[in-house]
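Colleague: Same order as they appear, the protein sequences are chains P and G. First residue of the first sequence? That's 21 in the numbering used here, and the numbers climb one at a time after it. First residue of the second sequence? That's 21 in the numbering used here, and the numbers climb one at a time after it. Glycine included, every Cβ here is placed at the ideal spot set by N, Cα and C. There's a structure below that I have some questions on.
There are 2 protein chains.
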Amino acid sequence: MTKKQQNIFNTALELFATDGVDATSTSKIAKVAGVSEGLIFRHFTNKEGLLQAILTEGLNKAHEYFQLIQVEIDPKTRIRKALELPFNILPEEYNFWRLVYTLKWQRGSVQTEEMSDFRASLADAFDQLNYENPSAEARLVESIIDGIATEVLLKDVHPKPLLKCVLDKYKLK
Amino acid sequence: MTKKQQNIFNTALELFATDGVDATSTSKIAKVAGVSEGLIFRHFTNKEGLLQAILTEGLNKAHEYFQLIQVEIDPKTRIRKALELPFNILPEEYNFWRLVYTLKWQRGSVQTEEMSDFRASLADAFDQLNYENPSAEARLVESIIDGIATEVLLKDVHPKPLLKCVLDKYKLK
DNA sequence: CATCGTAGTGAGTAATCACTTACAAATGTA
DNA sequence: TACATTTGTAAGTGATTACTCACTACGATG
Numbered sequence: 021m022t023k024k025q026q027n028i029f030n031t032a033l034e035l036f037a038t039d040g041v042d043a044t045s046t047s048k049i050a051k052v053a054g055v056s057e058g059l060i061f062r063h064f065t066n067k068e069g070l071l072q073a074i075l076t077e078g079l080n081k082a083h084e085y086f087q088l089i090q091v092e093i094d095p096k097t098r099i100r101k102a103l104e105l106p107f108n109i110l111p112e113e114y115n116f117w118r119l120v121y122t123l124k125w126q127r128g129s130v131q132t133e134e135m136s137d138f139r140a141s142l143a144d145a146f147d148q149l150n151y152e153n154p155s156a157e158a159r160l161v162e163s164i165i166d167g168i169a170t171e172v173l174l175k176d177v178h179p180k181p182l183l184k185c186v187l188d189k190y191k192l193k
Numbered sequence: 021m022t023k024k025q026q027n028i029f030n031t032a033l034e035l036f037a038t039d040g041v042d043a044t045s046t047s048k049i050a051k052v053a054g055v056s057e058g059l060i061f062r063h064f065t066n067k068e069g070l071l072q073a074i075l076t077e078g079l080n081k082a083h084e085y086f087q088l089i090q091v092e093i094d095p096k097t098r099i100r101k102a103l104e105l106p107f108n109i110l111p112e113e114y115n116f117w118r119l120v121y122t123l124k125w126q127r128g129s130v131q132t133e134e135m136s137d138f139r140a141s142l143a144d145a146f147d148q149l150n151y152e153n154p155s156a157e158a159r160l161v162e163s164i165i166d167g168i169a170t171e172v173l174l175k176d177v178h179p180k181p182l183l184k185c186v187l188d189k190y191k192l193k
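Set out below in structure tokens:
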């Protein structure tokens, strides 16, 4: 990746995340990135290609996080690590996750395969702990993670007190 | 409201919710509504005015739901009713809420005033129950509500099993 | 019947959209 | 040095955007 290609990539991520993909024109990306508009299409074919490049790069990183949880053998720590996910989002990853959560509402959830693996490993953990309805518990944990992630990404305050509350509900910690 | 004005209103809500506001052109709204494009601007001034009309109408209805919870005196039932909110969304309200949740990520949360009242009444309920950190508990409940609402609105499955799980965490039911 | 305000239309507007193309500059490679 | 490939630009393209305007149809009121 050349310097200018990185510029396009970064400013597109920033603008896509804050204004939305549809409200971000290629001419604006070029202007902010300090680049001619044509260069966007040279490197990324079209606007959709630019979006996909951003998405796949970010999702590869995210995939590692999720696998780090699934390899955990102890069911309690596996659940705890899952619930800790939204509290460990790095500031430099905020734009990416805001983009992902935005896209959920229009283009359908990004990548369903890896997520169903993650959910299954959560259900397995609850099963080991003899919960009444493991699959429902897994879905609930996912919803809680999404809800807290939304709070973190939008309100921009790091909500450590929430972690204590939520871990308490699952008798962890 | 005339018949055609209602047509514009309803199809705009549908298109805004499914495709996003920015990806929905006034010409498309007019075409789907079976109306001349100029009529949109006669009745709603501009595209933003159309969006605001949709938002204020829906939020007035929503306001009633939230107040029904805040007037509840018993803290346990108040919390229970709050957690039940996402499970009681009517199918005809889906489009509106999908629009609201979409807009959270670009234009900032829609109406903060009423929501802080709601949060305060939740914190008060947890305070009555002698929870360690009532305000954090209130924020957590809000996050859980948001997370489950997302699940309901996107996956389109009515997740009754989740309700049992979440009420169990708060020793309700 | 006459008049008036609202509902509704359809053809326009300039601006912006994603994208293309022809061409120059830089870079690598023999 | 010579040549080929990649990087980059500027000026376009037709289509679409939100919005305007001149106009007609119509129901109510006097």
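Do asparagine 115(G) and alanine 53(G) have their C-beta atoms within less than 8 angstroms of each other?
Modeller: For asparagine 115(G) and alanine 53(G), no; Cβs fall outside 8 angstroms.
Colleague: May I ask you to report which of helix, strand or coil DSSP gives asparagine 27(P)?
Modeller: helix
Colleague: Just the chain G side, please: which residues come within less than 9 angstroms of leucine 192(P) by C-beta, in chain order?
Modeller: Near leucine 192(P) there are no residues of chain G at all, since even the closest Cβ is about 12 angstroms away, more than 9 angstroms.
Colleague: Would you kindly report the start and end of the unbroken alpha helix (DSSP H) that includes phenylalanine 107(G)?
Modeller: Neither: phenylalanine 107(G) is in no alpha helix (DSSP H) and is coded neither H nor E.
Colleague: What does serine 129(G) touch in chain P if you count any residue whose Cβ is under 8 angstroms from its own?
Modeller: Listed along chain P are Leu174, each with a C-beta nearer than 8 angstroms to that of serine 129(G).
Colleague: Taking buried to mean at least 16 other C-beta atoms within 10 Å of its own C-beta, is arginine 98(G) buried or exposed?
Modeller: Around the beta-carbon of arginine 98(G), 16 or more other beta-carbon atoms lie within 10 Å, marking it buried.
Colleague: Please determine, among Ile165(G), Trp125(G) and Glu68(G), the residue with the shortest C-alpha to C-alpha distance to arginine 139(G).
Modeller: Ile165(G)
Colleague: Any beta carbon of chain P sitting closer than 8 angstroms to that of valine 120(G)?
Modeller: no
Colleague: Exposed or buried, what is serine 163(P) when buried is set at 16 or more other beta-carbons lying within 10 Å of its beta-carbon?
Modeller: buried
Colleague: Are the C-beta atoms of lysine 189(P) and some chain G residue less than 8 angstroms apart?
Modeller: yes
Colleague: Below 8 angstroms on the Cβ atoms is my contact criterion, and I expect lysine 24(P) with leucine 59(P) to pass it. Report the Cβ-Cβ distance as a whole number of Å.
Modeller: Rounded, the Cβ-Cβ distance is 6 angstroms, consistent with contact.
Colleague: Restricting to Cα atoms, I'd like to know which of Lys193(P), Val186(P), Glu84(P) and Val41(P) is closest to valine 120(P).
Modeller: Val41(P)
Colleague: Using the three-state DSSP reduction, which class does glycine 54(G) fall into: helix, strand or coil?
Modeller: Here glycine 54(G) carries a coil assignment [DSSP, helix/strand/coil].
Colleague: CB isoleucine 89(P) to CB lysine 81(P), shorter than 8 angstroms?
Modeller: no
Colleague: Is asparagine 153(P) close to chain G? Criterion is C-beta to C-beta, closer than 8 angstroms.
Modeller: yes
Colleague: Can you confirm whether lysine 124(G), when its beta carbon is compared against all beta carbons of chain P, has any partner nearer than 8 angstroms?
Modeller: yes
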